[in-house]
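Start counting the sequence shown at 87; every next residue gets the next number (this note's numbering).
Below you'll find the structure, written out as structure tokens, and then a few comments.
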Amino acid sequence: MARLHEYQGKAILASHGIAIPRGKAIDSPALAPALCADLGGQAVMKMQAWTTGRAALGGVLFTAPDRAEADARALLGRSVGGFPITHVLVEEKLDIKAEVFLSIAIDDRARSPVLLLAAGGGTGIEDRAARVARIPCDPRTGPDAAALRAWVDAAPVPPASRPALADAIARAFDTARAVEARSLEINPLVVTASGAVVAADCRITIDDYAVARHPELGIEIARELDHPPTALERLAYEVEQRDHRGTFFFAQMNTAPADGSRGLIGFHGAGGGGSMMSMDAITAQGFTIANFCDTSGNPSPAKVYRAARIILQQPGLVGYFGSGSGVANQEQFWSAYGLAKAFWELDLDIPAVIRLGGNTEERAVEILQGACRAADLRAPVEAYTKNDTPAMIAERFATLVAQCRASWKPREPRRPAFVGAPGSHHSPIKGGTLWIDPAAWRDHAPAIIARASGLLADRDGAPAPTLPPQEFAAKDSEMIACEVECRRDGIPGLFVALDLPG
Ligand code: GDP
Ligand code: MN
Numbered sequence: 087m088a089r090l091h092e093y094q095g096k097a098i099l100a101s102h103g104i105a106i107p108r109g110k111a112i113d114s115p116a117l118a119p120a121l122c123a124d125l126g127g128q129a130v131m132k133m134q135a136w137t138t139g140r141a142a143l144g145g146v147l148f149t150a151p152d153r154a155e156a157d158a159r160a161l162l163g164r165s166v167g168g169f170p171i172t173h174v175l176v177e178e179k180l181d182i183k184a185e186v187f188l189s190i191a192i193d194d195r196a197r198s199p200v201l202l203l204a205a206g207g208g209t210g211i212e213d214r215a216a217r218v219a220r221i222p223c224d225p226r227t228g229p230d231a232a233a234l235r236a237w238v239d240a241a242p243v244p245p246a247s248r249p250a251l252a253d254a255i256a257r258a259f260d261t262a263r264a265v266e267a268r269s270l271e272i273n274p275l276v277v278t279a280s281g282a283v284v285a286a287d288c289r290i291t292i293d294d295y296a297v298a299r300h301p302e303l304g305i306e307i308a309r310e311l312d313h314p315p316t317a318l319e320r321l322a323y324e325v326e327q328r329d330h331r332g333t334f335f336f337a338q339m340n341t342a343p344a345d346g347s348r349g350l351i352g353f354h355g356a357g358g359g360g361s362m363m364s365m366d367a368i369t370a371q372g373f374t375i376a377n378f379c380d381t382s383g384n385p386s387p388a389k390v391y392r393a394a395r396i397i398l399q400q401p402g403l404v405g406y407f408g409s410g411s412g413v414a415n416q417e418q419f420w421s422a423y424g425l426a427k428a429f430w431e432l433d434l435d436i437p438a439v440i441r442l443g444g445n446t447e448e449r450a451v452e453i454l455q456g457a458c459r460a461a462d463l464r465a466p467v468e469a470y471t472k473n474d475t476p477a478m479i480a481e482r483f484a485t486l487v488a489q490c491r492a493s494w495k496p497r498e499p500r501r502p503a504f505v506g507a508p509g510s511h512h513s514p515i516k517g518g519t520l521w522i523d524p525a526a527w528r529d530h531a532p533a534i535i536a537r538a539s540g541l542l543a544d545r546d547g548a549p550a551p552t553l554p555p556q557e558f559a560a561k562d563s564e565m566i567a568c569e570v571e572c573r574r575d576g577i578p579g580l581f582v583a584l585d586l587p588g
């Protein structure tokens, strides 16, 4: 379910003819005083976070031009659930006479939308469930007309506002249908002193499968998150969209360790159920998980590499923990190549424990450990198979972290000197460039060719792909394997430079 910010939801309501308070979302405190003055001097300021009960969190303030900048700075400096607030909404202050709670959601049991209404609105509505009216809806014609009229006629609002209230409710249903909302909530829908009916708050979630049909909503990531997408999540999503070999999912969970935690860790799973078990195991060891990540369903080494690079963009990690299903069908050694490449490039200096259980697991373990040993990394990288349980390797991970006591600092990846150098051989490869050092080729061509899956040959003392350029470019996985195999065996001269969006 993709969620929209309050201000985005309100803009959609307005485009369907529902009145919203005048105002604007801003990301800089300096804009607040003038905006506040524009709105008549008295304004409401609300942090834009995907949570209910912002009022109780101190995230809804009444402000004035002289303190608007300080108020905005305070709200923008906060974070909710570990994620920073990026926008505050500044709006005219409404003179509220009555509040109504309105919710439109899909009732899975009834297989139809349902409209909930309650007078009073506001926080604590959950405790007043008995007073919530449930009005059935037809997906085509909307809320049951008689039931809706009966509710509006009895609502504790000034009688003169009832037609406007009924109109706003009908439009809310139309809005939900138009954007294929999974849920649309207006709490409160208010009646002002002057009798106007205005949506004072708005929360809309959109069905993930509907997002592609609604570019107008500007939703960047169509998937379940409990916070607005972070820069890293956007980057990860782009990586997934560019390479459809296997799945890749990345979501940030914490940016700092919990109180009393043994530290923040990067998590890299493969396969849903096994990943869940592994997350439980590592949490039971007292670690805080910075991110959830899943690469499964035959991911390319390039995808696993990029996943590792993204995980390692998170500062403060004390270790890298990888563990998935344990019985993966995919050939695990491809993942091993991707991880080995990323760990070498980043000169990993925090411990990594990776469980590569499944098909070809022995080969995968040997590749990852062998390549990391040859890379002479400053922290241990240990690989395991399905017989090593998540609980056991989580305990081993805790031991290594305690010995190492390092804290990860994101860094630029290292590149061999011949990458980009004049005179180096290069060919385009999916998502990057293959580089070969002419000097190394002179001394090691047979050894490199032996590790290149038949894709490279020597032509007059220079390396040459054995396939036409287009076909060769699709062999990124084999060339990454070649690079890692060469490095493991101490053979220099070949490197695949993979780009990362952003
Ligand atoms: P939430 O706590 O995250 O649901 O944030 P809301 O936007 O719903 O605001 C919480 C409460 O603040 C509302 O239920 C209103 O009672 C109050 N509130 C919000 N905007 C106004 C306003 O313009 N005028 C007045 N008087 N109260 C407001
Ligand atoms: Mn609200």
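Ideal placement from N, C-alpha and C gives every residue a C-beta, glycine not left out.
Item	Value
Which complete beta strand (DSSP E) runs does the region 376-441 hold, if anything under 3 residues is left out?	377-382, 403-409, 438-441
Tell me whether arginine 140, by its Cβ, gets closer than 7 Å to a heavy atom of ligand 1.	yes
How is phenylalanine 483 classed by DSSP in three states: helix, strand or coil?	helix
So leucine 275 and valine 166 are in contact, right, with Cβ under 8 Å, and what is the actual spacing, rounded?	The Cβ separation is near 24 Å, so there is no contact.
Rounded to a whole number of angstroms, what is the C-alpha to C-alpha distance between aspartate 193 and phenylalanine 407?	39 Å
In this structure, what does DSSP give as the bridge partners for lysine 561?	Note: lysine 561 sits in no beta bridge, so no partner.
Go ahead and label tyrosine 391 buried or exposed: buried means 16 or more other beta carbons lie within 10 angstroms of its beta carbon, across all protein chains shown.	buried
With DSSP as the reference, label phenylalanine 335 as helix, strand or coil.	strand
Please state whether the Cβ-Cβ distance between cysteine 458 and phenylalanine 429 is less than 8 Å.	yes
Are the Cβ atoms of glutamate 319 and alanine 337 separated by less than 8 Å?	yes
So if DSSP puts alanine 184 in a beta bridge, which residue, or which two residues, is it bridged to?	Val277
Start and end of the alpha helix (DSSP H) containing glutamate 448?	447-461
Which one of Gly517, Arg501, Trp521, Glu498 has the shortest CA to CA distance from glycine 509?	Trp521
Between which residues of its own chain and glutamine 128 is the CB-CB distance below 6 Å, once the five residues before and five after are set aside?	Lys179
Using C-beta distances below 8 Å, list every residue in its chain close to serine 513, excluding the 5 sequence neighbours before and after it, in chain order.	Thr519, Leu520, Pro551, Pro555, Phe558, Ala559
Counting along the chain, where does the alpha helix (DSSP H) carrying alanine 361 start and finish?	What sits at residue 361 in the sequence shown is serine, not alanine. Segment 358-370, the alpha helix (DSSP H) holding serine 361.
Looking at aspartate 224 and ligand 2, is the gap between the Cβ and the nearest heavy atom below 7 Å?	no
Checking 8 Å against the spacing of the C-beta atoms, do cysteine 379 and isoleucine 351 come in under that value?	no
With a threshold of 7 Å (Cβ to nearest heavy atom), would aspartate 287 be considered close to ligand 2?	yes
Just to confirm, does isoleucine 182 get its C-beta within under 7 Å of one of the non-hydrogen atoms of ligand 1?	yes
Just to confirm my understanding: we take glutamine 416, look at its own chain, exclude 5 residues before and 5 after, and list those with CB closer than 6 Å. What are they?	Asn384
Report yes or no: do three or more beta-carbon pairs, one from the region 531-550 and one from the region 575-583, lie closer than 8 Å?	yes
At 3 residues or longer, and completely inside the region 246-309: list those beta strand (DSSP E) runs for me, N to C.	267-278, 283-285, 289-292
Using DSSP with H/G/I as helix, E/B as strand and the rest coil, what is proline 229?	strand
Got a sec, what are the start and stop residues for the alpha helix (DSSP H) isoleucine 104 sits in?	Unbroken run through isoleucine 104: none, as it is neither H nor E.
Can you name, in chain order, every residue of its own chain whose Cβ lies under 6 Å from the Cβ of methionine 131, other than the five neighbours on each side?	Leu147, Thr149, Asp157, Val174, Val176
Would alanine 246 and glycine 281 be called neighbours here (beta carbons separated by less than 8 Å)?	yes
Go ahead and pull the three-state DSSP assignment for methionine 87.	coil
Grab me the residues of arginine 328's own chain with a C-beta within less than 8 Å of its C-beta, minus the 5 sequence neighbours each way, in chain order.	Gly517, Pro587
With distances taken between CB atoms, is the gap from alanine 376 to glutamine 400 smaller than 8 Å?	yes
Using the Cα positions of lysine 96 and alanine 298, report the straight-line distance between them to the nearest angstrom.	20 Å
I'd like to know whether the C-beta atoms of isoleucine 272 and leucine 202 end up nearer to each other than 8 Å.	no
Which one or two residues does DSSP pair with isoleucine 56 in a beta bridge?	Nothing about residue 56 can be read from this structure; the chain reaches only from 87 to 588.
Is arginine 263 closer than 8 Å to isoleucine 292 when the C-beta atoms are compared?	no
For leucine 303, is the classification buried or exposed, using 16 other Cβ atoms within 10 angstroms of its Cβ as the cut-off for buried?	buried
For valine 325 and glutamate 155, what's the separation of their Cα atoms in angstroms?	38 Å
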